[in-house]
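Here is the structure we will look at.
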Amino acid sequence: MTKRPILIHPDPRLKKVSAPVPDLSDALRKLADDMLETMYDAPGIGLAAPQVGVNSRLIVLDCVKAEGETPRPLIMFNPEIIAHSDERSTYEEGCLSIPEQYGDVERPAEVSVRWIDRDGNEQQEDFAGLWATCVQHEVDHLDGKLFIDYLKPLRRQLITRRMQKLKRERTRV
Ligand code: NI
């Protein structure tokens, strides 16, 4: 597995609507495995393909955070949120493409998700808590949407300016 560089906001590739995956291939499975390695290394709990510069509908996640608990890596091709609860919950979200910036985002507390797994089988599962927030955050990436798009404009602009500065500093090194 190979770690891939993570794009930092603002980047036009993070704003694009990603294309559905037509057929699984070894290249796509390799991409998914690389994304998991990149996510664990960061460390993070979710990563979407556009964040590594590939505009395909693929996300990976693992929201098991407790020390000693068994990891649960999930690879989702063409994930779709097919139902959500009326009940909503708020989490302080962050994003590997927006390092060290956080903001409260309110989303449905529970979601039903359908996707194609690494073996090409259709899966469906209900998610709650952090898992529900994370899967919605990652699916948003596939539609060119970032968590800061839910924040007030001034806060969003402040974070974007910080990221522009961070990118300038990184290119200078
Ligand atoms: Ni993100």
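Taking the working numbering, the leading residue of the sequence shown gets 1, the next gets one more, and so forth.
For glycine and all other residues, C-beta sits at the position ideal for the given N, C-alpha and C.
- Taking 3 residues as the minimum length, the beta strand (DSSP E) runs contained wholly in the region 64-131 are 74-84, 88-95, 98-108, 110-116, 122-128, in order along the chain.
- Counting C-beta atoms within 10 angstroms of its own C-beta, Thr38 has 16 or more neighbours from the protein chains shown and is therefore classed as buried.
- With a cut-off of 8 angstroms on Cβ pairs, the region 81-100 is in contact with the region 110-123, counting three or more such pairs.
- Pairwise C-beta distances place the region 57-69 out of contact with the region 146-164, as fewer than three of them are shorter than 8 angstroms.
- Looking at the DSSP output, Gly46 sits in a beta bridge with Leu61.
- Per DSSP, the continuous alpha helix (DSSP H) segment holding Thr160 begins and ends at 153-172.
- For a cut-off of 8 angstroms, the C-beta gap from Leu31 to Val54 is around 6 angstroms, short enough to register as a contact.
- Beyond the five residues adjoining it in sequence on each side, Leu74 comes within less than 7 angstroms, by CB distance, of Val60, Leu61, Asp62 in the same chain, given in chain order.
- Beta-bridge pairing by DSSP links Ala19 to Ser56.
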